[in-house]
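Just so you know, the sequence shown maps onto residues -24 to -1, 1 to 377 in mature numbering (1 follows the signal peptide of the UniProt record, and there is no 0).
Okay, structure first, notes after.
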Amino acid sequence: MKKKAISALLAASLVFGTGVQVWAEPLTEQQQQELNEKGAKAADAKSKYSELKNKVDELDAQIQPIALAMEENNTKIANTNKEIDNTKKAIEKSQKELAEKEEVFGARMRALYKSGGQESYIGLLLSANSLGDFVSKAQAVGKIMSLDKQIIDELNEKKKEYDEHIATLKTKIQELEDLNKDNKVKLEELNVKKAEQQVYVDQAKAEYDKIADDLITVERNLYRPFANIVNNSSSSVDDLNNAITTLRSLRKNVKSSQADSELFDLIEKAKSLVQQKTAPTLSRGDGAGSASDSAILSIAYSKLGMPYRWAATGPNSFDCSGFTQYVYRQAGISIGRDTDAQMGNGTPVSYSNLQVGDLVFTSSHHVGIYVGGGQMIHAPQTGDVVKVSNIWSFYTARRVK
């Protein structure tokens, strides 16, 4: 065991009420080995869980565009059916007009061609008093017949166009329905795969949680005495500085992200207390939250329980990047719409330097907002709601201020 690599894993006991700290011996090699073994076991379990969870995220990323396409197709089908109904109404109107014109045309023809009398077509022509009168009457009859025929031809042509339009629309609907059938098959296959994968994810998470709980218990026992120092208002500046030094050493050796985060918070609190005890004015510590950080958390927490919906950007449903964009926008900060764009916003942040309000990416497909304690608030996946979860995998983080 390295002499300096956590020889600072000191167990200390606080003598309450006196402000005097009693320092014990360093961890034994056996204790250090136990911590390393538990840490390695937790890391393996977390890696397995993260890998399986990312596969579910990838399947969900494939599912959402198909589901959205089906919704869009259904909207197109509904709109096309409305267009067909409107076209049918136009046809009915044209047919009514045609019937009326045909009735007028028939009446005229009956008047012109009825048997006998001066009203017949031939009789009308023979009644001419002169050649000019004959030509004039012949032209008048021809114009009437030509006009009626033109009207009927136009109405028939319009009806033909409407019929062709309806046929085209029905073909379009059939194509959309066929596409939806194909998409439905793909969607069902992906959902089956996702459900099967989710079983393994849940098992891996349960195993990881059990191992992680065991690990954090061991780790907290190591730094609890120093947490007591930091949280004791009677602790002197020397006590606090000694605690800071030891907590920093401990932080280099702990295995869990939760312990790392808690140690970071303790160190920052101790630094702030030292400043308060040694100077009249304060500067903001690296891990402190700003007004905008508080606003971000307040807005984010107000959306707890809202449903996940792919491509939704609020205010009542969200996908992961839609949620982070909405929260930041409400806090007066502009970021990109999707995870790719958001990974380009702000400045990169390591896991150990995460602050409340930072964007946290568990993969290239998923983003949430850091809330402290190794946790983030996020819109997880289809069928889930906005909630706070442990950061199961760290891909990258961005700070946008």
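C-beta: ideal position from N, C-alpha, C; glycine also.
Since residue 323 and residue 368 are thought to touch, with beta carbons under 8 angstroms apart, how far apart are those beta carbons, to the nearest angstrom? So it is not a contact: roughly 24 angstroms between Cβ atoms.
Less than 7 angstroms between the beta carbons of residue 35 and residue 245, yes or no? no
Same chain, Cβ closer than 7 angstroms to residue 43, neighbours up to 5 away in sequence not counted: 163, 286
Can you find the residues in the same chain that come closer than 8 angstroms, C-beta to C-beta, to residue 250, ignoring five residues on each side of it along the sequence? 213, 216, 217, 220
Would you report the Cα separation of residue 306 and residue 196, rounded to the nearest angstrom? 37 angstroms
Report yes if the C-beta distance between residue 279 and residue 18 is below 7 angstroms; otherwise report no. no
If you follow the beta strand (DSSP E) that residue 343 is part of, which residue opens it and which one closes it? 342 to 348
DSSP three-state label for residue 372, please. strand
Please classify residue 179: does DSSP put it in a helix, a strand, or coil? helix
Taking all protein chains shown into account, decide if residue 57 is buried (16 or more other Cβ within 10 angstroms of its Cβ) or exposed. exposed
Segment contact flag, the segment 222 to 241 with the segment 342 to 349, C-beta cutoff 8 angstroms, min 3 pairs: yes
Is it buried or exposed, residue 343, if we count other Cβ atoms within 10 angstroms and call 16 or more buried? buried
What span of residues does the alpha helix (DSSP H) with residue 303 cover, start to end? 296 to 306
3-residue-minimum beta strand (DSSP E) runs that sit fully inside the segment 311 to 340, ordered along the chain: 335 to 339
By how many angstroms is the C-alpha of residue 146 removed from the C-alpha of residue 132? 21 angstroms
Check whether the Cβ atoms of residue 155 and residue 53 lie closer than 7 angstroms to each other. no
For the alpha helix (DSSP H) containing residue 231, list its first residue and its last residue. Neither: residue 231 is in no alpha helix (DSSP H) and is coded neither H nor E.
Between 75, 126, 158, 233, which lies nearest to residue 365 when the distance is taken from Cα to Cα? 233
Considering only residues of the same chain and omitting the five flanking positions on each side of residue 33, which have a CB-CB separation below 8 angstroms? 338, 339, 341, 342, 357
With DSSP collapsed to three states, give me the class of residue 384. Here the chain comprises residues numbered -24 to 377, so residue 384 is not present and cannot be evaluated.
Among all the DSSP beta bridges, which residues are the ones paired with residue 352? 346, 365
CA-CA distance, residue 334 and residue 345? 6 angstroms
Go ahead and pull the three-state DSSP assignment for residue 289. strand
Given a threshold of 16 other Cβ atoms within 10 Å of its Cβ, counted over all protein chains shown, does residue 398 qualify as buried or as exposed? For the chain, the structure presents residues -24 to 377; residue 398 sits outside this window and is missing.
Which whole-angstrom value is the C-beta distance of residue 60 and residue 138, which I expect to be below 8 angstroms? The pair is not a contact, with the Cβ atoms about 10 angstroms apart (cut-off 8 angstroms).
Quick one: does the C-beta of residue 273 sit closer than 6 angstroms to a heavy atom of the ligand HEM? Absence of the ligand HEM is noted for the structure shown, with no ligands found whatsoever.
Could you check if residue 396 is buried or exposed, using at least 16 other CB atoms within 10 Å of its CB as the buried criterion? The chain is shown from -24 up to 377; residue 396 falls before or after that span and cannot be answered.
Which residues does DSSP list as the beta-bridge partners of residue 41? Paired residue(s): none; residue 41 is not in a bridge.
Within its chain, find whatever has a CB closer than 6 angstroms to the CB of residue 205; leave out the 5 residues flanking it on each side and keep chain order. 211, 215, 219
Which residues in the same chain have their Cβ closer than 6 angstroms to the Cβ of residue 22, if we skip the five residues on either side of it in sequence? 184
By how many angstroms is the C-alpha of residue 49 removed from the C-alpha of residue 150? 11 angstroms
Between residue 371 and residue 363, what straight-line distance do the alpha-carbon atoms span, to the nearest angstrom? 20 angstroms
Thinking C-beta only, is residue 171 closer than 7 angstroms to residue 28? no
Do you know how far the Cα of residue 69 is from the Cα of residue 76? 11 angstroms
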